[in-house]
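> Numbering follows numbering that gives the first Met the number 0, with no gaps: position 32 of the sequence shown is 31. For glycine and all other residues, C-beta sits at the position ideal for the given N, C-alpha and C. Keep in mind it's a predicted model, so treat the numbers as computed, not measured. Take this structure, written in structure tokens, and hold onto it; I'll ask about it next.
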Amino acid sequence: MDQLCVVCKSATYHEHDALISSLRKQFWQMIPLRLFIWGDWDSTDQEQAENLPLLACTRVQGDVMKTIIFHEHTISYSPSNRYIKMFLKKYIEKIETLGSIELDEELLELYVSLASTTEENLFVEGMCYKTYLLDKEQYTRVVLREEQTMISQGTTGLQTWDAGVRLADFFAEHPGKDYCWWMFYF
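What follows is the structure in structure tokens.
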């Protein structure tokens with residue numbers, strides 16, 4: 000039996016790890032924050048997936064910094080600074096809805112630093128990375144380098160297409176089947 004966290008007493012350590020894994024997966028994929036699931040991605044009931052006391056746990060806040068923001072993969076293949084800033088802002092807002100919860104100092108310092116240096120312009124230029132995880136353990140990864148603008152160099156081909164992501168998800172969920180034959184007939 001998994002023990003309750005001694006810090007927040009609102010969840011088990013397994014639930015902490017599942018939450019961090021879910022947040023990391025969405026963060027690396029740069030999921031739009033309006034669609035972000037602030038709970039366990041694999042939960043069958045998304046309405047019940049969000050657990051604000053768990054998000055506010057100081058252990059979880061530290062893990063967000065250590066195993067998401069400053070993870071060696073994030074350092075090497077970083078989402079845009081604008082996305083990191085928006086993620087931290089939304090995360091801090093979620094925690095602050097609980098009232099008198101202490102925020103991680105490192106988390107606040109990074110957010111303030113990004114807020115003061117990151118442009119608000121919607122048309123930010125430059126490259127960033129999106130990482131798609133193909134297994135539950137998050138070891139098998141596909142990393143794509145993308146342009147942050149929709150149209151670049153006269154083409155729209157420098158961003159992930161949602162249809163391509165959905166097709167890849169379908170193939171990942173149905174391994175071992177030969178679906179390639181039909182592509183050549185269209």
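Using DSSP with H/G/I as helix, E/B as strand and the rest coil, what is Thr-96?
Thr-96 falls in the coil class under three-state DSSP.
> Which of the three DSSP states, helix, strand or coil, is assigned to Val-141?
Three-state result, Val-141: strand.
> Please go through the region 52-134 and give each complete beta strand (DSSP E) segment of 3 or more residues, from N-terminal end onward.
Correct list: 126-132.
> Between the C-alpha atoms of His-72 and Arg-144, what's the straight-line distance to the nearest angstrom?
Roughly 13 Å separates the two Cα atoms.
> Looking at the structure shown, is Glu-136 part of a helix, part of a strand, or coil, going by DSSP?
Note: Glu-136 maps to coil in three-state DSSP.
> By Cβ distance below 8 Å, which residues in the same chain neighbour Cys-7 in space, the five residues on each side in sequence not counted?
Correct list, in chain order: Pro-52, Leu-53, Ala-55, Cys-56, Thr-57, Arg-58, Val-59.
> Keeping to the same chain, check which residues put their C-beta closer than 7 Å to that of Gly-61; ignore five residues upstream and five downstream.
Asp-103.
> Just to confirm the assignment, what range does the alpha helix (DSSP H) spanning His-13 have?
That run of the alpha helix (DSSP H) goes 12-27.
> Would you decide whether Pro-78 is buried or exposed? Buried here means 16 or more other CB atoms lie within 10 Å of its CB.
Counting Cβ neighbours within 10 Å, Pro-78 comes out buried, since at least 16 surround it.
> DSSP beta-bridge partners for Leu-3?
Looking at the DSSP assignment, Leu-3 forms a beta bridge with Thr-11.
> Please classify Leu-87 as buried or exposed, where buried requires at least 16 other C-beta atoms within 10 Å of its C-beta.
That one is buried.
> When you compare each of Asp-1, Glu-92, Ser-112 to Leu-32 by their alpha carbons, which one comes out closest?
For the residues Asp-1, Glu-92, Ser-112, the minimum Cα distance to Leu-32 belongs to Glu-92.
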